[in-house]
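Line by line, the protein sequences give chains A, B and C. Taking the UniProt record's numbering, I'd label the letters of the first sequence as residues 1 to 325. Taking the UniProt record's numbering, I'd label the letters of the second sequence as residues 1 to 353. Taking the UniProt record's numbering, I'd label the letters of the third sequence as residues 1 to 368. We treat Cβ as the ideally placed atom computed from N, Cα and C, and that holds for glycine. Here the structure is a predicted model, which means the values were calculated and not measured. Presented below is the structure to which this report refers.
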Amino acid sequence: MLRFLIRRLSSAFVILILISAFTFLIFFAAPRDPAVLACGKNCTEAAKDIIRDNLGLNDPIAQQYWEFMRGIVMGRDFSVGRCDAPCLGVSFNTDLMVWDTIVDRLPLTLSLSLGGLVIFLTLGLGAGLMAAAKKGTVTDKTLSSMSLVFSSMQIYFLGPIVLGALVFSSGIMESPRYVPITEDPLGWFTGLLIPWFVMALIFTAQYTRMSRSSMIEQLQEEHVRTARAKGMSRPYVFFRYAWRGSLIPIVTILGMDLGALLGGAIVTEMTFSLAGIGRLAVDAVTNIDLPLTMGVMLIGATFILMCNVVVDAAYAYIDPRVRLG
Amino acid sequence: MTTLTKTEDAPAPTGRDAFLSVRDLRVQFSTEDGIVKAVDGLSFDLERGRTLGIVGESGSGKSVTNLTVLGLHNPKTTTVTGEIVLDGQELTGAREKTLEKLRGNKMAMIFQDPLTALSPFYTIGRQIMEPFRKHTGASKKEARERAIEMLTKVGIPHPKTRVDDYPHQFSGGMRQRAMIAMALVCDPDLIIADEPTTALDVTVQAQILDLLKDLQQEFGSSIIFITHDLGVIAEMADDIMVMYGGRAVERGSAAEVLRAPRHPYTWGLLSSMPSLSGNVHEKLMPIPGNPPSLLNPPSGCAFHPRCGFRSEVGGTLCTTDRPELGAGRASACHLTAEQKQTLFVEQIKPRLG
Amino acid sequence: MSDELTLTEPKDTLPATGEPLLTAENLTMHFPVYGGFPFKRKVGAVKAVDGVDLQVFPGESFGLVGESGCGKSTTGRMLTRLLEPTDGRITYRGQDITRAGRKQLAPIRSEIQMIFQDPYSSLNPRQTVGKIISAPMEINGIEPPGGREARVRELLEIVGLNPEHFNRFPHEFSGGQRQRIGVARALALEPKLIVADEPVSALDVSIQAQVVNLLQDVQKELGIAFVFIAHDLAIVRHFSQRLAVMYLGKVVEVGDRDSLYNAPRHPYTHALLSAVPEASLHDDDAPQRERIRLTGDVPSPINPPSGCRFRTRCWKAQDVCATEEPPLVQLSGNRDGHLTACHFPEDGDALSSGKEIVMDEALRRLEK
Numbered sequence: 001m002l003r004f005l006i007r008r009l010s011s012a013f014v015i016l017i018l019i020s021a022f023t024f025l026i027f028f029a030a031p032r033d034p035a036v037l038a039c040g041k042n043c044t045e046a047a048k049d050i051i052r053d054n055l056g057l058n059d060p061i062a063q064q065y066w067e068f069m070r071g072i073v074m075g076r077d078f079s080v081g082r083c084d085a086p087c088l089g090v091s092f093n094t095d096l097m098v099w100d101t102i103v104d105r106l107p108l109t110l111s112l113s114l115g116g117l118v119i120f121l122t123l124g125l126g127a128g129l130m131a132a133a134k135k136g137t138v139t140d141k142t143l144s145s146m147s148l149v150f151s152s153m154q155i156y157f158l159g160p161i162v163l164g165a166l167v168f169s170s171g172i173m174e175s176p177r178y179v180p181i182t183e184d185p186l187g188w189f190t191g192l193l194i195p196w197f198v199m200a201l202i203f204t205a206q207y208t209r210m211s212r213s214s215m216i217e218q219l220q221e222e223h224v225r226t227a228r229a230k231g232m233s234r235p236y237v238f239f240r241y242a243w244r245g246s247l248i249p250i251v252t253i254l255g256m257d258l259g260a261l262l263g264g265a266i267v268t269e270m271t272f273s274l275a276g277i278g279r280l281a282v283d284a285v286t287n288i289d290l291p292l293t294m295g296v297m298l299i300g301a302t303f304i305l306m307c308n309v310v311v312d313a314a315y316a317y318i319d320p321r322v323r324l325g
Numbered sequence: 001m002t003t004l005t006k007t008e009d010a011p012a013p014t015g016r017d018a019f020l021s022v023r024d025l026r027v028q029f030s031t032e033d034g035i036v037k038a039v040d041g042l043s044f045d046l047e048r049g050r051t052l053g054i055v056g057e058s059g060s061g062k063s064v065t066n067l068t069v070l071g072l073h074n075p076k077t078t079t080v081t082g083e084i085v086l087d088g089q090e091l092t093g094a095r096e097k098t099l100e101k102l103r104g105n106k107m108a109m110i111f112q113d114p115l116t117a118l119s120p121f122y123t124i125g126r127q128i129m130e131p132f133r134k135h136t137g138a139s140k141k142e143a144r145e146r147a148i149e150m151l152t153k154v155g156i157p158h159p160k161t162r163v164d165d166y167p168h169q170f171s172g173g174m175r176q177r178a179m180i181a182m183a184l185v186c187d188p189d190l191i192i193a194d195e196p197t198t199a200l201d202v203t204v205q206a207q208i209l210d211l212l213k214d215l216q217q218e219f220g221s222s223i224i225f226i227t228h229d230l231g232v233i234a235e236m237a238d239d240i241m242v243m244y245g246g247r248a249v250e251r252g253s254a255a256e257v258l259r260a261p262r263h264p265y266t267w268g269l270l271s272s273m274p275s276l277s278g279n280v281h282e283k284l285m286p287i288p289g290n291p292p293s294l295l296n297p298p299s300g301c302a303f304h305p306r307c308g309f310r311s312e313v314g315g316t317l318c319t320t321d322r323p324e325l326g327a328g329r330a331s332a333c334h335l336t337a338e339q340k341q342t343l344f345v346e347q348i349k350p351r352l353g
Numbered sequence: 001m002s003d004e005l006t007l008t009e010p011k012d013t014l015p016a017t018g019e020p021l022l023t024a025e026n027l028t029m030h031f032p033v034y035g036g037f038p039f040k041r042k043v044g045a046v047k048a049v050d051g052v053d054l055q056v057f058p059g060e061s062f063g064l065v066g067e068s069g070c071g072k073s074t075t076g077r078m079l080t081r082l083l084e085p086t087d088g089r090i091t092y093r094g095q096d097i098t099r100a101g102r103k104q105l106a107p108i109r110s111e112i113q114m115i116f117q118d119p120y121s122s123l124n125p126r127q128t129v130g131k132i133i134s135a136p137m138e139i140n141g142i143e144p145p146g147g148r149e150a151r152v153r154e155l156l157e158i159v160g161l162n163p164e165h166f167n168r169f170p171h172e173f174s175g176g177q178r179q180r181i182g183v184a185r186a187l188a189l190e191p192k193l194i195v196a197d198e199p200v201s202a203l204d205v206s207i208q209a210q211v212v213n214l215l216q217d218v219q220k221e222l223g224i225a226f227v228f229i230a231h232d233l234a235i236v237r238h239f240s241q242r243l244a245v246m247y248l249g250k251v252v253e254v255g256d257r258d259s260l261y262n263a264p265r266h267p268y269t270h271a272l273l274s275a276v277p278e279a280s281l282h283d284d285d286a287p288q289r290e291r292i293r294l295t296g297d298v299p300s301p302i303n304p305p306s307g308c309r310f311r312t313r314c315w316k317a318q319d320v321c322a323t324e325e326p327p328l329v330q331l332s333g334n335r336d337g338h339l340t341a342c343h344f345p346e347d348g349d350a351l352s353s354g355k356e357i358v359m360d361e362a363l364r365r366l367e368k
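This is how it looks when you write it as structure tokens:
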């Protein structure tokens, strides 16, 4: 297990370095100049040059990259003040430390993703198991067609409809907002309820279908039949034997989904006007804000890589044939 | 089957003394293409402590029959009619809870491929302990003792440590031994072994077959042994039933069926198998064509499209009338007893070496 | 159907003389095993085939038998150069093809063909039978007189299928018929040698015989040499004039059919033969067959036993077996060409002596 962790974490580290280098290069290859944006309407070449100089954009790319990476480890000093390690730089746009901005936005994204995850896993796996257990019946067909309908919907379509129905016309609920759980647990819960459910509905569909088909496949496995031949009851065999095997494909997509969500649930955040990592990413790219873009990219990539390690460890936990190492 | 009647037209066996008695069993699956008659009017008896060998090719209904005895068919798509009586208890139409109490306890099954038939997720020990705890109410500790005892019995080296191994840590032969230990853990009266050695190597197969025979002696169980291999049947069975297209076509003691077979299909099986002592220059005599479709079985005798002796019967009997299987030593074929005798002695036996 | 083809009288055992068609010397295949920390590296090897010598003569059928893990299939794949051996030499008609590249192999590829075990997965389900059978001709740029389609029809007829069915897909055929398609594909380029890897073991008993007969007709009438790989000793005896018995990557015994089956000298061959169940028609008073029951399974080829590899399961093993590997040699009393690799060979007439050797612990305990 330790070997596995060391090996995986070190390879994750290499991947992060590659991603950062790649993002850096892409940024400079893009034909847009961040100085133009910062300079405003009455801009002269000289003014732009001063801005470039201030942002450090006139140094060679390699040097800029080196400064950036060194900052992550050692911290850096900027004209706006000292930036402690891990320093992801200062935003071109807001002059705020990128790390602080991300730490500020992270709780919302974490709340949104993890809350949604609990809902869509419970609903999705539950519906999938029920459909598999009652394969071919009306229940199965209803659940299957419902999941097909929802999986073909989009958050930006469903979101406004739900908002319109529950918030604007009836006033049953308040507009989605984020309050830290430490300040007001109830407000945190009610504020995110609508985004959770809308997001969960769409993910649920996918998990229902996956869990159903994977479960049906497992129920046809020979070892499941053997367990029945030993006299074990149908529910026992269903949960102890078949379910365990059916979790492997689910864990796979769950790892990918969770990693992506933690890196910023862009559509959900935009739809419900919530300021999380996803929104931050969109702002960073539209403003050609190199340090912010780098920061958001690296955080997202870190989540995805970490989820990957967890998924692989989960495989080994579920299936003893999988060896870590 | 102690008393073997010589006449082929006697009524179906009464099954008074039989431990397992199957009467006119019919198993049908509904599929998208239509109704599959997997088993179509099958009757047989098995006495305590005896081994019945069931021989047949794929689609002969041999495996379905035995899954039905255990009640492991899918009740939604399968229709089962007829009688299955195990030690005086009727199993067709029995409640699921009743069957669960019998499975793994009074009747147990050994499957073909121990790699897929054992769960990869749980240790060998746990899989052996499960039925024991369920059926005897033993504690975890007692069940573990029992599992180790069973593993010792079937010849797993270092059973005390290997009881905690997972199936993938066992070799093929060891896995099948563990499967046998699992089937025997509650000392069942009936063991159904479905091609238990087909996936194994020949030297391992020999070990496992002997092991089963020795354990049967010790436990006094009855065995239904399903296989396509007549050689294996010859080693294992006291009585043999040959199945074709969901029906029994020949029945008798092992010696009778192997030394003086009476059905053209049995002849075909014997002469399509090369032996270790046969004449190598004699060509094999395969059965032409393919096994019948169970969706749309041939009219009359299901074997007639592949049978080389139809002309001996003459007329259209083979294509219109389905021959019935009599009681005791019998074969379901329109040939007369004399014809069967002469044809076998003159045409088949000389080829078999 | 193959049994309807007219047949020449079966020839007697072909003498293994003249120039061999294919020779393998010290053929070796070690699949690397990776592991270690912190960087994965080669930490060992699966010694699937470990120094095999064999010769195949033109027109003969050479059998390769052994249990799973003995390396027979890997050997077959190396002979057709689907795998490149890690060591050793393969010579085809005097030409070294061990490391021959794609270009050098091209003319030889058409002369050595392969038939696979599984008639379901070895045919592309999206191609018609005609396309499958003509593919070898297309790939090798061969335009037979009368065109490829005519040749496909001819081939279908040879293997006992309806030539009109060339437009059908594999799923429209039964298992036995699919294996016939595989045979037709192998025949398309008029090969000199066919390596058949368990060609009948996935088929029903009655269908097995059909395919064995077909292969026999093909071998005899077209004079094609066969390497017939199988675990079923009775079928190999029926089909092959000579055979080699493999155990854990080594040939332990090789010889002609009569000599090997009637007078096996290697204890493993002996045990193997005694383990084959026979649908015996003999009377009860016929001499009892010998009963040899080995212990356990075949050891892992990653860490094979030292010296003689069979020693861990052998009832005759002594100290020397662990230290010295027995060479594959002609023992005194063996017929010409019958080689055995054993320090303490059997006397060769023991098959019906009725003796019992039970190595298996569980059996011993139960039978006490």
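**Q.** For L27 (chain C) and M241 (chain B), the rounded distance between their alpha carbons
**A.** 47 Å
Q: Identify which residue in C:D96, C:L22 and C:E172 has its Cα closest to the Cα of K192 (chain C).
A: Residue C:L22 is the option with its Cα nearest to K192 (chain C).
Q) Enumerated in chain order, which unbroken segments of the beta strand (DSSP E) with a length of 3 residues or greater are wholly contained in the region 81-167 of chain A? A) 81-83
**Q.** Between the CA atoms of V36 (chain B) and R26 (chain B) - distance to the nearest angstrom
**A.** 11 Å
**Q.** Limits of the alpha helix (DSSP H) - the one that S206 (chain C) falls within
**A.** S206 (chain C) -> alpha helix (DSSP H) spans V205 to L222.
Q. Nearest to V52 (chain C) by CA position, among C:L248, C:Y268 and C:V33, is which residue?
A. Taking each of C:L248, C:Y268 and C:V33 in turn and checking the Cα distance to V52 (chain C), the smallest one comes out for C:L248.
(Q) For E145 (chain B) and L16 (chain A), what's the separation of their Cα atoms in angstroms? (A) 52 Å
Q. What residue from A:A265, A:R212, A:L88 and A:R82 has the CA that sits closest to F68 (chain A)'s CA?
A. A:L88
(Q) Here's a check: name, in chain order, each residue in its chain whose Cβ is nearer than 7 Å to the Cβ of S30 (chain B), leaving out the five neighbours to either side. (A) T77
Q.
If you reduce the DSSP assignment to three classes, tell me which class A193 (chain B) lands in.
A. strand
Q) Between which two residues does the alpha helix (DSSP H) harbouring V282 (chain A) extend? A) I277 to T286
**Q.** Close-in-space but distant-in-sequence residues of the same chain around P304 (chain C) (CB under 8 Å, 5 per side omitted)
**A.** K47, D50, L248 and G249
(Q) Between C:M114, C:T340, C:T98 and C:A106, which has its C-alpha nearest V183 (chain C)'s C-alpha? (A) C:M114
Q: Note the first and the last residue of the continuous beta strand (DSSP E) segment covering G53 (chain B).
A: T51 to V55
Q: Say whether the region 172-182 of chain A touches the region 210-229 of chain A, bearing in mind that this needs 3 or more beta-carbon pairs closer than 8 Å, one atom from each stretch.
A: They do not touch, by the three-pair rule.
Q: Determine the extent of the alpha helix (DSSP H) in which V183 (chain C) is found, giving its start and end residues.
A: G175 to L187
Q) Hey, is L317 (chain B)'s beta-carbon within less than 8 Å of any beta-carbon in chain C? A) no
Q) Short check: CB of P20 (chain C) to CB of V65 (chain C), under 8 Å? A) In this structure, V65 (chain C) does not lie closer than 8 Å to P20 (chain C) by Cβ.
Q) Assuming P274 (chain B) contacts H238 (chain C) under a Cβ cut-off of 8 Å, what Cβ separation, rounded to an integer in Å, is found between them? A) 4 Å
**Q.** Exposure label - T336 (chain B); buried when at least 16 CB within 10 Å
**A.** exposed
Q: List the residues of chain E that P131 (chain B) touches, going by C-beta distances under 8 Å, in chain order.
A: The structure shown has no chain E; the protein chains it does contain are A, B and C.
Q. If you drop the 5 nearest sequence neighbours on each side, which residues of the same chain put their C-beta closer than 6 Å to that of A94 (chain B)?
A. none
Q: For my contact list, L209 (chain B) and M236 (chain B) are in at a C-beta cut-off of 8 Å; report their separation, rounded to the angstrom.
A: 6 Å
Q. If you draw a straight line from the C-alpha of N308 (chain A) to the C-alpha of F120 (chain A), how long is it?
A. 20 Å
Q: Return the CA-CA distance between L262 (chain A) and A200 (chain A), expressed in angstroms with no decimal places.
A: Here the alpha carbon of L262 (chain A) sits roughly 15 Å from the alpha carbon of A200 (chain A).
Q. Considering V202 (chain B), what are the terminal residues of the beta strand (DSSP E) in which it resides?
A. For V202 (chain B), no beta strand (DSSP E) encloses it; the enclosing alpha helix (DSSP H) starts and ends at V202 to F219.
Q: Just confirm the distance between the C-beta atoms of F116 (chain C) and F228 (chain C), as a whole number of angstroms; I'd bet it's less than 8 Å.
A: Incorrect: roughly 13 Å between the Cβ atoms, too far for contact.
Q: Please list the residues of the region 168-181 of chain C that have a C-beta atom closer than 9 Å to any C-beta atom in chain B, keeping them in chain order.
A: S174, G175, G176 and Q177
Q | Rounded C-alpha distance that separates G276 (chain A) from L37 (chain A) | A | 24 Å
Q) If you scan the region 192-232 of chain A from start to end, which runs of the alpha helix (DSSP H) of 4 or more residues do you find wholly inside it? A) List check, alpha helix (DSSP H) in window: 222-229.
Q) T14 (chain B) by DSSP, collapsed to three states: which one? A) Bear in mind that a pLDDT of 47 at T14 (chain B), under 50, signals an unreliable position, so the number given afterwards is only what the model happens to contain. T14 (chain B): coil per DSSP, three-state reduction.
Q: Let me know if I26 (chain A) comes out buried or exposed under the rule of 16 or more other beta-carbons within 10 Å of its beta-carbon.
A: exposed
(Q) Buried or exposed for I139 (chain C), going by 16 or more other Cβ atoms inside 10 Å? (A) exposed
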